[in-house]
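Line order of the protein sequences matches chains A and B.
Position 212 of the first sequence, counting from 1, maps to 307 under the working numbering, and the rest follow consecutively.
Position 11 of the second sequence, counting from 1, maps to 106 under the working numbering, and the rest follow consecutively.
For reference, the structure is listed below as structure tokens.
2 protein chains.
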Amino acid sequence: MVHMRTIDWNDESKNITLVDQTYLPKELKIIECDNLASICEAIRSLRVRGAPALAAAGGFGMALAVTLSSATSMETLLKDLKVAADTLKATRPTAVNLAWAVNRVLKATEDAYDLDSIQDIVISEAIRIADEDVKVNKSIGKHGHKLLEDGDRVMTHCNAGRMACVDWGTALGVIRSAVEKGKEIEVIACETRPLNQGGRITTWELMQDNIPVTLITDSMSGHVMKNGMVDKVIVGADRVTQDVVFNKIGTYTHSVLAREHEIPFFVAAPVSTFDPNGWEETVKIEERDGDELRYMAGEQIAPANVRVYNPAFDTTPMENITAIVTEKGIFQPPFLLDEVIM
Amino acid sequence: MVHMRTIDWNDESKNITLVDQTYLPKELKIIECDNLASICEAIRSLRVRGAPALAAAGGFGMALAVTLSSATSMETLLKDLKVAADTLKATRPTAVNLAWAVNRVLKATEDAYDLDSIQDIVISEAIRIADEDVKVNKSIGKHGHKLLEDGDRVMTHCNAGRMACVDWGTALGVIRSAVEKGKEIEVIACETRPLNQGGRITTWELMQDNIPVTLITDSMSGHVMKNGMVDKVIVGADRVTQDVVFNKIGTYTHSVLAREHEIPFFVAAPVSTFDPNGWEETVKIEERDGDELRYMAGEQIAPANVRVYNPAFDTTPMENITAIVTEKGIFQPPFLLDEVIM
């Protein structure tokens with residue numbers, strides 16, 4: 096298997112390096128973000144995306160903020176960090192991991208005793224979040240591979256792989272762990288309109304690891320299931336509330352089809368994705384720019400002024416989910432979120 | 096409402112003019128086909144597509160063949176026509192209307208008494224097929240508009256509109272007829288990957304007629320249904336057998352979601368689409384080039400060598416269909432195809 100960090104902190108140059116995923120699969124382009132505006136732009140433009148990777152981006156964004164602040168007192172520095180935290184969290188409001196990481200860094204500063212210690216605390220906490228993510232993903236894989244059998248053909252949506260995390264991946268991490276255990280797994284990747292994270296990134300990642308993958312359009316999921324081409328479905332999650340799983344738009348559609356065809360439907364996500372106080376109706380789903388459907392790779396593919404509805408996520412009710420895999424184990428219905436988090 | 100013929104025969108220049116739909120919505124480009132190879136290329140490349148339009152293309156293709164043949168005896172001319180018929184039918188094997196029209200023209204030549212009469216018969220039969228298509232679509236609309244109520248929000252997939260026919264349309268024809276009766280109808284158009292006939296053509300057609308339309312990705316259909324944004328679904332058909340409806344890939348997925356959300360699911364198609372001797376398992380589904388998913392508007396959007404599965408159609412079982420509308424009326428389950436055709 097290939098190993099690489101999708102996003103990382105350079106302690107020498109005090110900046111963030113990350114894979115600009117908008118160039119995949121044509122180019123593996125690494126960019127540097129050395130101020131808050133550039134990491135916010137990278138998050139908003141989905142140069143870095145995927146719930147766990149956004150946690151790392153949030154943490155490292157705070158590291159940038161503490162490095163660049165000109166504050167000369169603890170009080171003003173903490174105020175600067177609070178402003179940076181709000182700016183970072185506003186870039187992608189639905190994904191819970193971003194806010195989780197930013198808040199975790201903020202909370203760590205409560206232990207600070209002087210100006211310099213704040214900088215140390217913020218940077219080490221951010222690095223810790225990224226390091227933990229790799230470990231957490233490996234644990235998700237360690238538990239989750241038991242859900243997959245030798246010979247399984249597994250459908251996935253969007254990209255819940257290395258590129259959605261710091262390394263390894265959640266849904267693709269489970270597949271990688273199964274392959275590492277010697278199981279033969281074939282993957283069906285849904286292209287995941289409108290931004291084609293499945294077609295561009297999941298396929299590319301799996302081909303790098305020599306895991307067989309077939310690309311289909313999102314609309315084909317019913318057809319491939321009906322024709323017995325899918326044994327299991329596994330996806331990631333952007334937020335897990337008491338009643339639903341928020342994930343990339345299209346996930347709900349696949350979950351209904353999986354139930355119709357009696358195909359197990361798994362969600363793989365770190366505990367940091369869980370929002371035990373949240374409910375479907377309390378979370379606002381991010382609506383993205385309609386141009387994502389009007390243009391593709393710079394080319395116009397729909398009338399320039401057509402009305403577009405472009406929600407980034409949908410919600411899958413718990414009754415459509417067979418199991419949720421976290422770093423703490425495999426959870427089956429009823430999903431008692433408090434037990435998972437404990 | 097706009098009126099225009101998507102495809103037509105020029106009796107003076109003895110050629111076919113058609114809208115090259117691959118340029119939509121950026122450009123309304125009309126091209127001329129003056130030999131069999133060019134009309135076959137236009138069919139294969141989906142410059143002309145949609146079941147009823149393919150019937151007209153097949154008929155006019157035969158008109159081209161009879162015009163260009165250098166045969167000097169009835170026997171060799173009929174042989175030439177037979178070869179042309181096979182060539183035309185092989186371009187899109189799943190769509191039944193193409194073969195239906197070509198066979199109808201061939202059958203008409205049985206009445207020929209000399210060489211010249213064959214040419215007259217072929218050309219007038221081809222023109223008759225195109226003229227009838229407009230009448231048939233208007234009849235489908237006349238019956239079908241009763242299925243739609245004032246204020247309905249109607250989802251559709253692919254393009255079963257004017258551009259899929261000679262004029263008016265089947266599924267969009269029903270919507271047009273309802274609007275003509277004074278009903279306010281809003282349309283949700285699924286973009287219809289991989290060739291985006293919904294995003295490119297359905298939206299463009301409806302905007303030309305000032306019928307409100309919102310574009311979504313195919314994967315959003317579950318989400319919009321779950322959120323109460325869809326009152327009815329209506330699609331066209333490429334072939335109706337005793338047990339299933341063959342239509343654009345993705346239709347089956349929408350049908351399962353519609354049933355899950357108790358939303359009526361209608362199919363609008365001329366009787367020429369019916370294949371009463373056919374069954375799901377006897378019809379081979381056309382598989383198209385994987386590059387349709389690897390490239391979009393000339394740009395690479397997936398790894399160049401990724402494996403792709405790209406069936407053009409899927410099959411929706413009759414139990415997922417609320418009603419089928421033809422020029423003969425509205426048919427509800429059980430769908431006795433022999434009764435529809437009689």
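Note that the Cβ used here is the ideal one computed from N, Cα and C, for glycine as well.
- CA-CA distance, A:Ile213 to A:Ser219, rounds to 10 angstroms.
- Taking B:His240 as reference, the option from B:Val328, B:Trp195, B:Thr117 and B:Val114 with the minimal CA-CA separation is B:Val328.
- Neighbours of B:Gln395 in chain A, taken as residues at a C-beta separation under 7 angstroms, are given in chain order as Lys121.
- Annotation note: the segment 158-199 of chain B contains the following uninterrupted alpha helix (DSSP H) runs of length 4 or greater, listed N- to C-terminal: 169-186.
- Here A:Met320 is buried. Its C-beta has 16 or more other C-beta atoms within 10 Å.
- Residue state for B:Met302 is assigned as helix, using DSSP reduced to three classes.
- Separation of the CB atoms of B:Ala284 and B:Gly331 is rounded to 13 angstroms, and the pair is thereby denied contact status at 8 angstroms.
- Taking a Cβ-Cβ threshold of 7 angstroms, the residues of chain B close to A:Lys321 are Tyr347, in chain order.
- Rounded to the nearest angstrom, the gap between the Cα atoms of B:Ile419 and B:Phe426 is 5 angstroms.
- Under the DSSP assignment, A:Leu131 falls in the alpha helix (DSSP H) whose first and last residues are Leu131 to Arg139.
- Taking the Cβ atoms as the reference, B:Glu227 lies roughly 20 angstroms from B:Met96, outside the contact range of under 8 angstroms.
- Following the DSSP letters along the chain, one finds B:Leu210 in no beta strand (DSSP E) but inside the alpha helix (DSSP H) bounded by residues Leu210 to Gly239.
- At a cut-off of 9 angstroms, the C-beta of B:His240 has no neighbouring C-beta in chain A.
- The alpha-carbon separation between B:Glu170 and B:Tyr208 amounts to approximately 11 angstroms.
- Residue contact with chain A for B:Cys285: present (Cβ-Cβ distance below 9 angstroms to some residue of chain A).
- Counting the other Cβ atoms within 10 Å of the Cβ of A:Glu286 gives 16 or more, which makes it buried.
- Residue-level contact check: A:Ile344 touches chain B, since one or more beta carbons of chain B fall below 9 angstroms from its beta carbon.
- Contacts between B:Asn291 and chain A, judged by CB atoms closer than 9 angstroms, involve Met391, Ile396 and Ala397 in chain order.
- B:Arg248: member of the beta strand (DSSP E) spanning Arg248 to His252, first to last residue.
- At a C-beta separation below 9 angstroms, A:Val274 has no neighbours in chain B, since its nearest C-beta there lies roughly 17 angstroms away.
- Contact check between the segment 142-152 of chain A and the segment 255-275 of chain A: three or more CB pairs, one atom from each, fall below 8 angstroms, which counts as touching.
- Cβ atoms of B:His238 and B:Gly393 stay farther apart than 8 angstroms, at about 42 angstroms.
- For A:Leu173, the closest Cβ of chain B is not nearer than 9 angstroms.
- Of the residues assessed, A:Lys343 falls on the buried side of the cut-off, its CB having 16 or more other CB atoms within 10 angstroms.
- The alpha carbon of B:Ala397 has as its nearest neighbour, out of A:Cys253, A:Met324, A:Ala397 and A:Ala266, the alpha carbon of A:Cys253.
- Against chain A, the CB of B:Glu220 has no partner CB under 9 angstroms away; the residue lies outside that interface.
- The beta carbon of A:Val435 lies closer than 8 angstroms to those of Val366, Phe369, Ile419, Thr421, Lys423 and Phe426 in the same chain, with the five residues before and after it left out.
- For A:Ile270, the uninterrupted alpha helix (DSSP H) run begins and ends at Ala266 to Glu275, by DSSP.
- Three or more Cβ pairs closer than 8 angstroms define a contact, and the segment 403-414 of chain A falls short of that threshold against the segment 183-197 of chain B.
- Going by DSSP, A:Val420 is part of the beta strand (DSSP E) stretching over Ala418 to Thr421.
- A residue is called buried when at least 16 other Cβ atoms come within 10 angstroms of its Cβ; B:Asp247 meets this threshold and is buried.
- No residue range can be given for B:Val366, since it is assigned to no alpha helix (DSSP H) and is classified by DSSP as neither H nor E.
- Excluding sequence positions up to five before and after B:Gly317, its CB lies within less than 6 angstroms of the CB of Leu352, all in the same chain and listed in chain order.
- With respect to the C-alpha of A:Ala399, the residue from B:Leu173, B:Thr336, B:Glu107 and B:Thr309 having the closest C-alpha is B:Thr309.
- Annotation for A:Val340: Ala332, Val362 and Thr411 place their beta carbon closer than 6 angstroms to its own, counting only its chain and skipping 5 residues before and after.
- Assignment of B:Leu352 by DSSP, reduced to helix, strand and coil, places it in the helix class.
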